[in-house]
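Below is one structure; the comments refer to it alone.
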Amino acid sequence: MKPSRGERIYSIAVYIVLSIAGLLCLLPLVHIASLSISSMQAVASGHVTIYPVGLSFDAYKQLFEGTPIMKSFMNSIWITVFGVLFSMVFTILAAYPLTRSYFFGRRTYTFGIVFTMLFGGGLIPTYLTIRSLELINTYWALWLPGLVSVFNLLVLRTFIENIPNEVDEASRIDGCGEWRYLLQIVLPLSTPVLATLGLFYGVGYWNSFFNVLMFINDSGKFNLAVLVQQLIQSQMLLSQMNASGSSEQIVLSPEMVNAAAIIVMVLPMMAVYPFLQKHFVKGVMIGAVKG
Amino acid sequence: MMFVPIILFFIIFKYVPMFGAIIAFKKYNFADGILHSPWVGLDNFKLLFSTPTTLQIIRNTLVISLLSIFVSFPFPIMLAIMLNEVRRMWFKRIVQTLVYLPHFFSWIIVSGIVVTVFSQQNGLISGIWESVTGHTYPFLYREGSWLAIFVGSGIWKEAGFSAIIYLAALSSIDPTLYEAASMDGASRWKQIWHVTLPGLRITIVLMLILAMGRVMEVGFDQVYMLQNSTVSNISEVISTYIYKIGLMGSQFSLTAAMGLFESMVSLILVLIANAIARRYGNGLW
Amino acid sequence: MRNATKKKWAAIACLLAGTAIFPACSNDGGEQGDKSQGAGSQGKSKITVSIYERGNVPQEMGTIDNNQWTKWINENGPVEAQYVPIPRGESVQKLNLLFASGDAPDVVSDFATSFRDQLYQQKQIMAVDDLIAEHSVSYKALMEKYPELKKAAAKPDGKMYEFGRVQQLVGFQALFIRNDWLKKLDLKVPETPEELFEVAKAFTENDPDGNGQKDTFGIALSGETGSAINTMFRDVDWVLEDGKLVRGWEQKNKANEFKKRLYDAGLVDKDFLADKNGQKAQQDWNSGKIGIFVGRTVDPVNVTQYYEPLKNNVPDAEVIAIKLPASEYGRFAIGVNNPVQMTTVINANAKNPEAAMKYIDFMASKEAGEMLRYGVEGTHSVKGANGCLKPQDAALFSKEVSWNIDFQLLMSQIELEPCAGILSQLDPEKPLEKEFLELVKQNNEANLGEGVEYASITHGEHMPTLSDNLSVIQTNVSKISDFYNKAIVAGASYTIEQAYAEALDLWNKSGGGELAAFYADWYETSKDTAFFAKDMWQFAKKE
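Respectively, the protein sequence lines represent chains A, B and C. Just remember that my numbering sits 44 ahead of the position in the first sequence, which is counted from 1. Just remember that my numbering sits 53 ahead of the position in the second sequence, which is counted from 1. Just remember that my numbering sits 162 ahead of the position in the third sequence, which is counted from 1.
Have a look at this one:
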């Protein structure tokens with residue numbers, strides 16, 4: 045079937061719109077990347093916008109020699125990999141029962157879970173809880189409180205609910221137990237959403253800095269997000285200090301070093317995403333229904 | 054049965070700390086701790102709500118937030134649908150990755166870009182505007198245009214990331230439905246309308262309900278970084294106000310009181326949204 | 163279902179197994195922690211100490227809580243200090259958590275006066291008069307030499323609660339002006355606001371950079387330059403009138419009227435409100451597009467911030483640091499440092515206050531101060547021509563020493579004079595630094611010279627802290643500056659008078675009267691005891 049003229053225009057329009065959107069979104073990356081490889085003089089004079097001025101890789105040299113970036117990087121990976129692992133397992137364990145119609149009180153549980161999304165005790169009580177479990181200064185203080193995100197849980201639950209009933213019925217007839225049904229049927233059918241949630245959790249753990257700051261007391265355990273935040277913060281501090289008249293001697297890290305740190309932090313996230321995209325394939329469901 | 058650890062998790066890490074919120078009704082101090090600090094009833098709430106600015110701040114929070122939600126809500130969906138229409142995989146992957154990028158840049162950086170683009174003196178847009186109309190326009194310093202920039206920058210930063218969830222949802226739509234529609238001679242528009250959107254409906258409803266739960270939390274960084282004096286009448290929101298109070302000294306009880314108020318409003322909105330959704334069979338509970 | 167039960171146990175086991183991994187996970191950091199404790203200090207009492215974490219310790223040097231300087235302190239000091247890193251950006255939040263949970267270190271340093279006052283109000287810190295009297299040697303001696311330390315450390319109950327450091331009073335902010343532009347346009351240094359306006363006008367309109375384009379700004383209006391204009395009119399919120407501390411409305415109106423004139427005449431960047439910390443203005447200054455700009459002259463890094471890029475972009479640029487023009491309210495200092503800065507308190511729950519005192523004593527000693535500031539003589543530093551230690555190899559120094567500034571929060575630089583200030587650190591052999599030295603001297607004169615007074619009654623860090631109710635009021639009335647800023651950019655549609663009317667209205671509605679009463683009362687009761695500008699001027703360098 046030959047595409048009609050209307051369809052051709054439509055599809056060209058889609059390509060154009062998407063290209064523009066893509067280019068617009070490329071802007072910050074290009075800007076930051078240019079800052080990170082420009083000379084200090086050019087950056088201090090505000091000459092760098094889209095392309096680098098006075099090419100120089102000093103910022104990266106300074107970053108790798110002058111800050112604990114490698115260590116933070118490894119810590120970030122550690123936190124992210126295990127965090128995603130734990131979170132995925134428990135999110136699945138939480139979501140699946142909530143989709144079973146025979147599971148008694150699932151509406152109450154769901155409401156109880158949504159409720160925790162709206163009400164919280166704040167930082168100090170959370171800290172005291174974690175402290176009473178003796179988890180302070182371990183990564184468990186990051187993994188356990190963040191084990192199940194309500195948002196992700198509800199997303200997964202909705203997707204599993206969406207699996208056609210015939211699949212369930214068919215597997216029951218085959219004599220499939222609850223665990224086998226979950227592991228061999230539900231999960232493979234949910235790859236797109238699992239990939240999505242994995243990404244959400246991964247990005248969350250990768251970017252997590254506030255919890256790390258509050259629950260970890262050992263510089264050697266800080267992650268990349270904390271490092272980048274501390275570097276950038278010095279600028280915010282400066283403006284606060286101007287307001288309050290404080291005479292703190294502050295270490296203003298050069299802007300292009302901050303830019304380099306941001307690039308180091310963003311690159312892995314950029315590299316991972318295309319690999320997850322291939323799991324968003326169409327028609328996973330249909331094959332299962334037929335088989 | 055596999056649910057037991059989950060219940061434990063929510064009790065230990067969510068419900069137990071929740072009791073800390075009682076400091077909203079106390080005059081909290083370190084020496085006495087959460088339990089033994091003296092009760093003050095509703096004094097903290099009175100202090101918050103007796104000031105002339107508070108109502109304005111709550112109004113601003115609601116306006117900015119609802120505006121952001123309703124204006125930006127369709128964008129990730131449209132983006133996902135458009136990406137879904139693309140047949141060339143390499144193109145799709147590149148665009149998909151690019152639009153997801155801005156999510157990773159903090160508001161400090163984004164606000165720098167926003168100022169460069171919209172500044173009156175030699176901003177990009179102002180330059181174009183000037184060459185067309187002959188005079189400059191203070192985009193950042195008028196409430197209407199500032200709101201548009203605020204919402205727009207939010208869309209630009211998050212649409213690509215939010216689209217992921219819809220892309221995942223799209224992949225679970227049965228391709229035979231498209232084939233059937235195509236056989237019936239349905240145009241691409243009709244296919245989107247009759248196959249794609251219904252396929253996304255559950256996800257859309259879920260996202261809307263969840264968005265209601267976040268109405269009161271307008272991101273601090275976004276407002277703090279983008280605001281300036283001329284728009285403070287509409288830009289001051291709860292989170293920036295709490296931040297300012299905190300600068301003077303940590304006011305735990307006041308913050309907790311405000312937090313509790315925010316939670317109550319969110320709860321009401323979520324209950325309403327869920328009730329409506331349930332009427333159409335898509336409620337969360 | 164039976165199967166499911168089994169799996170439930172498997173799940174719980176998984177949770178437990180997870181917990182069992184935990185020692186493995188924490189080994190990484192734990193090792194280092196152990197090492198620092200083991201570092202050759204048997205028998206010394208142990209205390210915990212807060213230290214700012216700024217993410218700037220080179221990886222090879224260890225971490226901020228365990229590095230060659232912490233080892234040196236523990237080996238040479240009287241106690242064994244275990245450091246608790248406090249992220250600088252979130253220090254108050256983190257310390258609050260630690261105090262709330264009883265985990266706070268024994269010795270806590272933080273710059274935020276309001277935070278330390280809050281600790282005092284919550285009875286979390288210790289009165290230290292007796293400790294100093296009984297157990298201190300070097301800090302006691304320092305206090306005898308500089309009795310202002312005692313004045314600044316006193317809290318409302320009359321006892322001392324804080325430790326601090328003493329520095330020479332120097333010019334902090336500097337009013338830079340392009341002298342080459344002045345010469346070219348045949349102008350003289352502005353002495354009054356009116357002249358300042360005229361100079362800014364000429365700088366904008368008469369093409370001082372000679373490129374044939376009207377692309378220069380007379381003066382900056384964002385960041386510290388904006389504050390300096392306020393200072394010029396003594397717009398510092400609270401001013402003395404007839405011996406009483408009152409709100410300075412008139413000054414505020416005058417300052418903002420002046421800013422509005424600058425804005426309306428097109429002498430400033432129209433986007434100054436979007437330039438929150440003055441970064442854009444600084445970039446414009448550096449590229450030679452702004453004629454009058456407030457920078458700083460306190461730290462050698464200021465050379466690379468405000469001077470080197472400018473000279474690079476405009477090699478002919480000539481800069482001088484001038485006095486703030488005298489307004490009808492007087493001639494004021496642009497900005498000075500806080501010569502007696504309180505930094506450190508002792509936790510009320512410290513197990514061993516005596517050891518904490520000994521630690522503070524050691525850190526305040528000249529020996530520790532010199533070592534931390536200059537590093538090892540012969541390795542990191544050598545004596546220069548002026549007899550002062552200076553870095554031997556800049557790269558090595560910045561890698562091994564320069565990041566330790568937060569260990570120097572108790573070091574009184576004044577004791578190291580004349581080798582501590584920026585004057586001794588710049589190298590007159592290098593042309594750029596030599597020129598900047600000149601600027602530093604000019605600026606000290608501009609801030610501390612004859613006939614220059616401090617606009618505020620005291621440095622912001624010595625102002626009293628507000629109670630809960632008052633700080634809510636203070637937050638609410640802080641919106642007043644928004645009214646004025648709006649008036650500056652609104653042209654004829656919203657005047658300063660309108661802003662003033664709206665500000666007064668908000669002030670009265672928000673309970674500004676209570677705030678005014680508090681400050682008036684505070685001044686009345688503590689005008690003989692509190693630390694005021696005249697106390698600050700005790701520390702000006704005497705020629």
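Beta carbons are placed, not taken as given, at the ideal position from N, Cα and C, and that holds for glycine.
Suppose contacts are defined by Cβ-Cβ distances below 7 angstroms. Is residue i in contact with residue j by that definition?
i, j, result
"W669(C)", "V639(C)", "yes"
"Q375(C)", "P462(C)", "no"
"G251(C)", "T111(A)", "no"
"D446(C)", "Q174(B)", "no"
"L220(B)", "A133(B)", "yes"
"L572(C)", "A526(C)", "yes"
"L275(A)", "S116(A)", "no"
"M278(B)", "W160(B)", "yes"
"T150(B)", "Y249(A)", "no"
Which residues in chain C sit within 8 angstroms of residue i, going by Cβ to Cβ distance?
i, result
"A84(B)", "Q284, K285, Q286"
"I298(B)", "S633, V634, T637"
"S90(B)", "Under the 8 angstroms cutoff, chain C gives no residues; its nearest Cβ is about 10 angstroms from S90(B)."
Quick one: what's residue i bridged to in DSSP?
i, result
"Y214(C)", "I248(C)"
"Q335(C)", "R458(C)"
"S543(C)", "E539(C), P553(C)"
"Y406(C)", "As written in the sequence, residue 406(C) is Lys, which differs from the Tyr given in the question. The partner list for K406(C) (beta bridge, DSSP) reads E403(C)."
"W92(B)", "K79(B)"
Would you kindly report the start and end of the unbroken beta strand (DSSP E) that includes residue i?
i, result
"V199(A)", "Where V199(A) is concerned, there is no enclosing beta strand (DSSP E), although the alpha helix (DSSP H) it sits in stretches over 194–205."
"L402(C)", "400–403"
"I484(C)", "481–484"
"I508(C)", "502–508"
"E324(C)", "324–328"
"G674(C)", "Note, G674(C): premise wrong, no beta strand (DSSP E); alpha helix (DSSP H) at 674–688."
"I381(C)", "379–381"
Using a Cβ cut-off of 7 angstroms, pull out every chain B residue sitting near residue i, in sequence order please.
i, result
"D683(C)", "Per Cβ cutoff of 7 angstroms: no residues; D683(C) is ~18 angstroms from chain B at best."
"K671(C)", "P105"
"V192(A)", "I59, F62"
"V651(C)", "Y194, T283"
If the cut is a Cβ gap below 9 angstroms, which residues of chain B does residue i touch?
i, result
"S55(A)", "E138, V139, R140, R241"
"F203(A)", "A221, A222, S225, I255, T256"
Between the options, which lies nearest to residue i when the distance is taken from Cα to Cα?
i, options, result
"I166(B)", "A436(C), F273(C), H621(C), D342(C)", "A436(C)"
"T135(A)", "N327(B), S240(B), F63(B)", "F63(B)"
"K105(A)", "N206(A), F253(A), P298(A), F319(A)", "P298(A)"
"L100(B)", "Q304(B), P91(B), N327(B), R331(B)", "Q304(B)"
"K592(C)", "V651(C), V465(C), M288(C), G428(C)", "V465(C)"
"A582(C)", "L331(C), Q280(C), T393(C), T232(C)", "L331(C)"
"Y214(C)", "M118(A), T235(A), M313(A), D262(A)", "D262(A)"
"L337(B)", "S282(B), L259(B), L119(B), V271(B)", "L259(B)"
"L154(B)", "T229(B), S215(B), F144(B)", "S215(B)"
List the residues of chain B whose Cβ lies closer than 8 angstroms to the Cβ of residue i, in chain order.
i, result
"L435(C)", "L193, Y194, N281, S282, T283"
"Y317(A)", "Q149, T150, Y153"
Ends of the alpha helix (DSSP H) at residue i?
i, result
"R216(A)", "209–217"
"I325(B)", "305–332"
"G205(B)", "196–223"
"F121(B)", "Note on identity: in this sequence residue 121(B) is Ser, with Phe being the wrong assignment. Residues 105–125."
"R52(A)", "49–80"
Taking C-beta pairs closer than 7 angstroms, name the residues in chain C that residue i reaches, listed in chain order.
i, result
"L172(A)", "S263"
"S172(B)", "D433, A436"
"I168(A)", "L259, A262"
So which residues of chain A does residue i contact, with C-beta pairs closer than 7 angstroms?
i, result
"N548(C)", "Within 7 angstroms Cβ-Cβ: nothing; N548(C) doesn't reach chain A, min ~22 angstroms."
Run down chain A in chain order and give the residues with a C-beta less than 9 angstroms from the C-beta of residue i.
i, result
"D227(C)", "N261, D262, S263, G264"
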